[in-house]
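Participant: Numbering (my numbering), first residue to last: 1 to 83.
The beta-carbon is built from N, C-alpha and C at its ideal position, and this holds for glycine as well.
All figures in this text were calculated on a predicted structure; none of them were measured in a lab.
1. Please confirm whether residue 52 and residue 63 have their CB atoms less than 8 Å apart.
2. Note the first and the last residue of the continuous alpha helix (DSSP H) segment covering residue 73.
3. Give me the Cα-Cα distance between residue 13 and residue 56, rounded to the nearest whole angstrom.
4. Between which two residues does the alpha helix (DSSP H) carrying residue 12 extend?
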């Protein structure tokens, strides 16, 4: 007995590439005309530097171990953790 298990259903497709481009455009629009990506990146860099400044020797060893393991990003440009 060959019967269609989903009678009356209409196939549905969506172009995810178009939807992703639309989503990104909406994000940039929401950020507004005053958003400065360079200033935002510089602020993130300054915050990162401040977060890991002034570590004592034990904290620095732990930080270095986490960077080496890929848990935390290192200090290089474009940094991101490996995991």
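Facilitator: Put simply:
1. Less than 8 Å divides the Cβ of residue 52 from the Cβ of residue 63.
2. No alpha helix (DSSP H) contains residue 73, which DSSP labels as neither H nor E.
3. Taking the straight line joining both Cα atoms gives about 56 Å.
4. No alpha helix (DSSP H) contains residue 12, which DSSP labels as neither H nor E.
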